[in-house]
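Colleague: What follows is a structure written as structure tokens; I'll ask about it next.
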Amino acid sequence: MRAGEWLRLLSPRGWVSLAVGLVVVLAVLHLLSDPLGVKGRRLEQAQAVARQGQMEARARQIEQAATADQARHQATIRDQVQQARDATATAVAEARGESDAQTSLGDLRRQRLSGHDRQLCGIRPELDGCATAAAAAAGG
């Protein structure tokens, strides 16, 4: 049978059923094609959320790295302060124990103080006066 013969065989009820079926198929195809762009908007929203999450994760990584750097820097400074305290305590104890502790600055006392200054400059060479102390020691 040809298509034309099939069409003649349909009753009015068959025609209505065929039309309704065709409308249903077209409606389903139309909805599957996402004419309102709902899927696209959802995809864009999901991508925006993902980008935001990535930026927040990167910010947390940077923050953690900075916190670790700060902790290392603070530990270094604590060590340097303790070294300076130790060097100063040793110099003070030696100076108080010397026989010339109550006299004016003599050569031996000046040498002890210069040695202490060199120790402090060895700990923190960037401090003010360290370049001057190094130049004075080199010059005599």
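First residue of the sequence shown? That's 36 in my numbering, and the numbers climb one at a time after it.
No residue lacks a Cβ here, since even glycine has one placed at the ideal position from N, Cα and C.
(1) Cα separation between residue 17 and residue 82?
(2) Within the chosen definition, does the region 112 to 129 reach the region 87 to 97 through at least 3 CB pairs nearer than 8 Å?
(3) If you count every other CB in all the chains shown that lies within 10 Å of the CB of residue 163, and 16 or more means buried, which is it?
(4) Is the beta carbon of residue 129 closer than 8 Å to that of residue 147?
(5) Whole angstroms is fine: what's the gap from residue 101's alpha carbon to residue 108's?
(6) Below 7 Å CB to CB, which residues in the same chain sit around residue 132 once its five sequence neighbours on both sides are set aside?
Modeller: With the structure as the only source:
(1) No answer is possible for residue 17: it lies beyond the span of the chain, which begins at 36 and ends at 175.
(2) no
(3) exposed
(4) yes
(5) 10 Å
(6) Same-chain partners within the cutoff: there are none.
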